[in-house]
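> I have a structure here, written as structure tokens, and I will follow up with some questions on it.
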Amino acid sequence: MRTPIPTCRPAGEADPGGVRRIASLVSLVSLARLVAFELTRLARNPAPWLAVAYVSLRDLDRPELAHWGSILDIALVGSAITGAGMFVAALPAAVREVRYTGGTALPVARRARLTALLVAAAIGGAVLFLIPYAVLVWTSGPAPLAGSVTPAAFALPLLVSALGGTVGVLVGVWTRSWLMVPALILLVAANELLTVDVRVVDATAIPGVFQIGGVADALLQPGSYYSPGYWWLAPAHLVYLGLALAAAAALALLRHQSGGWGRALTAALAAVCLTGSAAAYTQRYEDGRRMNDYEMDVGSYAPWAGPVPDHTCRTRGGITYCAYAGYEQWIPYWHAAAAPVAAALPRRARGDVPRVVQQTFGRYPWNGEADALRDGLATPIDYWDPAEETPRLDLAEQIALPALGLRTYREYDCSIRGQARLPVYLWLVARGSHDTELLFNALYENRWTARDTEQAAVAVALLDAPEQRVARGLEAHWERLVSPGTGADEAARLLGIDVTDTHRRRAAEFVEAWRGDEPEDAPEEADFALVAPVPDSAAPPCR
Numbered sequence: 002m003r004t005p006i007p008t009c010r011p012a013g014e015a016d017p018g019g020v021r022r023i024a025s026l027v028s029l030v031s032l033a034r035l036v037a038f039e040l041t042r043l044a045r046n047p048a049p050w051l052a053v054a055y056v057s058l059r060d061l062d063r064p065e066l067a068h069w070g071s072i073l074d075i076a077l078v079g080s081a082i083t084g085a086g087m088f089v090a091a092l093p094a095a096v097r098e099v100r101y102t103g104g105t106a107l108p109v110a111r112r113a114r115l116t117a118l119l120v121a122a123a124i125g126g127a128v129l130f131l132i133p134y135a136v137l138v139w140t141s142g143p144a145p146l147a148g149s150v151t152p153a154a155f156a157l158p159l160l161v162s163a164l165g166g167t168v169g170v171l172v173g174v175w176t177r178s179w180l181m182v183p184a185l186i187l188l189v190a191a192n193e194l195l196t197v198d199v200r201v202v203d204a205t206a207i208p209g210v211f212q213i214g215g216v217a218d219a220l221l222q223p224g225s226y227y228s229p230g231y232w233w234l235a236p237a238h239l240v241y242l243g244l245a246l247a248a249a250a251a252l253a254l255l256r257h258q259s260g261g262w263g264r265a266l267t268a269a270l271a272a273v274c275l276t277g278s279a280a281a282y283t284q285r286y287e288d289g290r291r292m293n294d295y296e297m298d299v300g301s302y303a304p305w306a307g308p309v310p311d312h313t314c315r316t317r318g319g320i321t322y323c324a325y326a327g328y329e330q331w332i333p334y335w336h337a338a339a340a341p342v343a344a345a346l347p348r349r350a351r352g353d354v355p356r357v358v359q360q361t362f363g364r365y366p367w368n369g370e371a372d373a374l375r376d377g378l379a380t381p382i383d384y385w386d387p388a389e390e391t392p393r394l395d396l397a398e399q400i401a402l403p404a405l406g407l408r409t410y411r412e413y414d415c416s417i418r419g420q421a422r423l424p425v426y427l428w429l430v431a432r433g434s435h436d437t438e439l440l441f442n443a444l445y446e447n448r449w450t451a452r453d454t455e456q457a458a459v460a461v462a463l464l465d466a467p468e469q470r471v472a473r474g475l476e477a478h479w480e481r482l483v484s485p486g487t488g489a490d491e492a493a494r495l496l497g498i499d500v501t502d503t504h505r506r507r508a509a510e511f512v513e514a515w516r517g518d519e520p521e522d523a524p525e526e527a528d529f530a531l532v533a534p535v536p537d538s539a540a541p542p543c544r
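Residue numbering for the sequence shown follows the numbering used here, starting at 2 and increasing by one per position.
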């Protein structure tokens, strides 16, 4: 007769599985308490808080219109600094652990203590950067943040900051020395303060600024930046940073791993993570370089670099503005630059005013300064600081030139020197400027000499004249003024403007400042060795 199998365990007999579950729960609770303890100790170190304060204050006042692409690029640099602060805090804690607790009878094993320190350093680094991250987003320019961001991209700066603390534990465990702390502080300070006045591109030295943080920059953003919104690069970047963090933690634990099999498994895990991180880095780098090469060769946003947002168009004051979805809050700033020019034009000339269309995810201006104007489009530049005159002047030029019949003028293919269109053009562009020193920045002429002072004086006189008088003159004599055969001196007569000696003196100062200290017969030289020089010969008159 078969012995019946008991269906329940006799009272008093222990359940091995239950005991293991209870032991695991106790271990997790102990680890959590250790992590909280280590976080408290790390928080007492001033280095992370100094890093947070520095990054937050550095990014506190950014006056330009911002979008998520530029914000993420800035955040990645800031997260490296907070990561360095957490490195400075975590390294002494790791050194203290490995140097002074070896012979101490403690209720928790060293491996568990190191694990808790690693977790605390990673969590502390990530949470630490949330403060400057929030400051950067909250204070990003005069308009709400434009564009969108993916979760993978948003998490990248948090991983970078977390990696700093983890690497601090790794270095402390293996070196058992505090010397890396002052070394890192000196390195970061040198990167922030020291510059060299030359950099090398394609084996050619050109003027510029080089910081020793180039290596750190290559590690932070392999191959390319994220601006304006290359979020398709983020997954490989996330894998690279995540596996690097896991590899650093495994290597730190390997230093005090006991048992042959345990050490072998930990070493294998570290090797796999390092290999995967290197592969992800290579993928991110190659994708970034491929995208940059496409941009430079073709002059437009790569079509395979992610979806392009749809345009949203609005009409204000007779001008149509088309911004990408999420960028509509930039339209008022474009309107403030374009509207004064359009309003000063005679009504019969306003039909030539181009549409203002954002091209951040389209073609780029170096692909042809006049291509967009030929198509009836004006392109606002991406970097727009309302306090600066350059972006306003750039858009004002694009609004004025088609009405004057000068769509290709910005390509230096013709000259308006001596024509009535020159002072009229300068008046249209510079009348709303807060800085008249930039008056001649709107000119695209190969040569400009003191002999041109008289026509410059007409432009200065126009700016001093009442706007209503000039506007009435434009309304009455527009066809004559935009004719290539009408001279600059005749423009003053048609518009009823008196050119005085004061105007001539100011014009002479402007011409000298614009031309610089070179002699009038000096050849035109390029600023950079890699850029073709501007031709010395005068361009033909614009027709």
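Virtual Cβ for every residue (Gly too), placed ideally from N, Cα, C.
Report the partner residues of proline 542 according to the DSSP bridge assignment.
As a first step, residue 542 is located in the sequence shown; it is residue number 541 there, counting from the start. Beta-bridge pairing links proline 542 to Ser416.
> Name the two residues that bound the continuous beta strand (DSSP E) containing histidine 312.
Your numbering for residue 312 matches position 311 in the sequence shown. First-last of the beta strand (DSSP E) with histidine 312: 312-317.
> Considering only the alpha carbon of each residue, which of Thr409, Ala431 and Ala462 lies closest to tyrosine 445?
Position 444 of the sequence shown, counted from the start, is the residue given in the question as residue 445. Closest option to tyrosine 445, Cα to Cα, is Thr409.
> Within 10 Å of its beta-carbon, does aspartate 62 have 16 or more other beta-carbons around it, so buried, or fewer, so exposed?
The residue labelled residue 62 in the question sits at position 61 within the sequence shown. Label assigned to aspartate 62: exposed.
> Got a sec? Which residues, its chain only, sit under 7 Å from tryptophan 233 by beta carbon, not counting five neighbours each side?
Walking along the sequence shown from the start, residue 233 turns up at place 232. For tryptophan 233, where only same-chain residues beyond five positions count, the Cβ hits under 7 Å are Ala306 and Gly307.
> Are there three or more Cβ pairs, one per stretch, closer than 8 Å when the segment 29-41 is compared with the segment 65-76?
With a cut-off of 8 Å, the segment 65-76 and the segment 29-41 do not count as touching, because too few Cβ pairs lie within range.
> Compute the distance between the beta-carbons of alanine 153 and proline 229, then report whether it is under 7 Å.
Counting from 1 along the sequence shown, the entry for residue 153 is found at position 152. Counting from 1 along the sequence shown, the entry for residue 229 is found at position 228. Cβ distance not < 7 Å, so alanine 153 and proline 229 don't count as in contact.
> Count the other CB atoms, across all protein chains shown, that sit within 10 Å of the CB of serine 178; report buried if there are 16 or more and exposed otherwise.
Stepping through the sequence shown from its first residue, residue 178 is reached at position 177. Counting Cβ neighbours within 10 Å, serine 178 comes out exposed, since fewer than 16 surround it.
> To the nearest angstrom, report how far apart tyrosine 55 and valine 138 are at their CA atoms.
Translated into positions along the sequence shown, residue 55 becomes position 54. Translated into positions along the sequence shown, residue 138 becomes position 137. Those two C-alpha atoms are separated by around 16 Å.
> Starting from the C-beta of proline 541, find all residues in its chain whose C-beta is less than 6 Å away, skip the five residues before and the five after it, and write them out in chain order.
In the sequence shown, residue 541 corresponds to position 540, counting from 1. Closer than 6 Å at the Cβ level, and outside the excluded window around proline 541, lie Cys415.
> Which of helix, strand or coil does DSSP assign to valine 357?
Start at 1 with the first residue of the sequence shown, and residue 357 comes out as number 356. Looking at valine 357 - three-state DSSP - the assignment turns out to be strand.
> Output the residue ranges of the alpha helix (DSSP H) runs that lie fully inside the segment 271-356 and measure 4 residues or longer, sorted by chain position.
Segments of the alpha helix (DSSP H) lying fully in the segment 271-356: 332-345.
> Would the segment 258-275 count as touching the segment 308-319 if we require 3 or more Cβ pairs under 8 Å?
Taking 8 Å as the limit for Cβ pairs, the verdict is that the segment 308-319 does not touch the segment 258-275.
> In whole angstroms, what separates the C-alpha of cysteine 543 from that of alanine 460?
Taking the first residue of the sequence shown as 1, we reach residue 543 at position 542. Taking the first residue of the sequence shown as 1, we reach residue 460 at position 459. For cysteine 543 and alanine 460, the distance between alpha carbons rounds to 18 Å.
> Pop quiz: glycine 84 and alanine 122 are said to be a contact at Cβ under 8 Å. What is the actual Cβ separation, rounded to whole angstroms?
If you number the sequence shown from 1, residue 84 lands on position 83. If you number the sequence shown from 1, residue 122 lands on position 121. Actually they do not touch by this definition, with Cβ atoms about 10 Å apart.
> Beta carbon of glutamate 398, beta carbon of valine 430: below 7 Å?
The residue given as residue 398 occupies position 397 in the sequence shown. The residue given as residue 430 occupies position 429 in the sequence shown. Closer than 7 Å, so yes.
> Near phenylalanine 362, what residues of its chain come up, given a Cβ to Cβ distance below 8 Å and the 5 sequence neighbours on each side ignored?
As a first step, residue 362 is located in the sequence shown; it is residue number 361 there, counting from the start. So the qualifying residues of the chain are Pro229, Gly230, Tyr302, Val309, Pro310 and Tyr325.
> Give every residue of the same chain whose Cβ lies closer than 6 Å to the Cβ of aspartate 395, excluding the five residues on either side of it in the sequence, and list them in chain order.
For the purposes of this step, residue 395 is identified with residue 394 of the sequence shown, where counting begins at 1. Closer than 6 Å at the Cβ level, and outside the excluded window around aspartate 395, lie Ile382.
> For the segment 280-298 against the segment 310-322, are there 3 or more C-beta pairs whose distance is under 8 Å?
No contact exists between the segment 280-298 and the segment 310-322.
> How would you call tyrosine 384, buried or exposed, if buried means at least 16 neighbouring beta carbons within 10 angstroms?
Locating residue 384 in the sequence shown gives position 383, counting from the first residue. Per the 10 Å Cβ criterion, exposed.
> Determine the contact status of valine 96 and glycine 173, defining contact as a CB-CB distance below 7 Å.
Here residue 96 refers to the residue found at position 95 of the sequence shown. Here residue 173 refers to the residue found at position 172 of the sequence shown. Yes, the Cβ-Cβ distance between valine 96 and glycine 173 is below 7 Å.
> Quick one: is glutamate 98 buried, meaning 16 or more other Cβ sit within 10 Å of its Cβ, or exposed?
Numbered from its first residue, the sequence shown carries residue 98 at position 97. Buried, because 16 or more other Cβ atoms sit within 10 Å of the Cβ of glutamate 98.
> Please look up how many angstroms separate the CB atoms of tryptophan 331 and alanine 144, rounded, as I've assumed it's under 8 Å.
Residue numbering aside, residue 331 sits at position 330 when the sequence shown is read from its first letter. Residue numbering aside, residue 144 sits at position 143 when the sequence shown is read from its first letter. Between alanine 144 and tryptophan 331 the Cβ distance is about 6 Å, and since that is below 8 Å, they are a contact.
> Quick check: the Cα distance between leucine 171 and alanine 33, rounded to an integer number of angstroms?
In the sequence shown, counting from the first residue as 1, residue 171 sits at position 170. In the sequence shown, counting from the first residue as 1, residue 33 sits at position 32. C-alpha separation (whole angstroms): 20 Å.
> Taking the alpha helix (DSSP H) that arginine 422 falls in, what are its first and last residues?
As a first step, residue 422 is located in the sequence shown; it is residue number 421 there, counting from the start. 422-431 is the extent of the alpha helix (DSSP H) around arginine 422.
> Judging by CA-CA distance, which residue of Leu157, Arg111 and Ala117 is the nearest neighbour of isoleucine 546?
The structure shown does not extend to residue 546, since the chain is modelled only from 2 through 544, so no value can be given for it.
> Can you round the beta-carbon distance between arginine 264 and leucine 255 to whole angstroms, since I take them to be within the 8 Å contact cut?
Against the sequence shown, residue 264 aligns to sequence position 263. Against the sequence shown, residue 255 aligns to sequence position 254. Yes, arginine 264 and leucine 255 are in contact; Cβ-Cβ is about 6 Å, under 8 Å.
> Using the rule of at least 16 other Cβ atoms within 10 Å of the residue's Cβ for burial, across every protein chain shown, is glycine 352 buried or exposed?
Within the sequence shown, the letter at position 351 stands for residue 352. Burial call: exposed.
> Pull up the distance between the alpha-carbon of alanine 117 and that of arginine 59, whole angstroms please.
Position 116 of the sequence shown holds residue 117. Position 58 of the sequence shown holds residue 59. Their backbone Cα atoms lie some 32 Å apart in a straight line.
> What three-state label does DSSP hand alanine 113 in the structure shown?
Position 112 of the sequence shown holds residue 113. Here alanine 113 sits in helix by DSSP.
> Which residue marks the beginning of the alpha helix (DSSP H) containing arginine 97, and which one marks its end?
Along the sequence shown, read from residue 1 onward, the residue named residue 97 stands at position 96. Where arginine 97 is concerned, the enclosing alpha helix (DSSP H) stretches over 69-101.
> When DSSP labels each residue in this structure, what does leucine 378 get in the three-state scheme?
Residue 378 sits at position 377 when you count from the first residue of the sequence shown. Correct three-state label for leucine 378: strand.
> Would you mind stating whether leucine 221 and leucine 427 have Cβ atoms separated by less than 7 Å?
Reading the sequence shown from its first residue, position 220 is the one you call residue 221. Reading the sequence shown from its first residue, position 426 is the one you call residue 427. No, the Cβ-Cβ distance between leucine 221 and leucine 427 is not below 7 Å.
> Less than 7 Å separating the beta-carbons of alanine 421 and threonine 501?
Position 420 of the sequence shown, counting from 1, holds the residue named residue 421. Position 500 of the sequence shown, counting from 1, holds the residue named residue 501. No, they are not a contact pair.
> Measuring alpha carbon to alpha carbon, tell me which of Pro403, Ala163 and Leu496 ends up nearest alanine 472.
Indexing the sequence shown from 1 puts residue 472 at position 471. Comparing Cα-Cα distances from alanine 472 to each of Pro403, Ala163 and Leu496, the minimum goes to Leu496.
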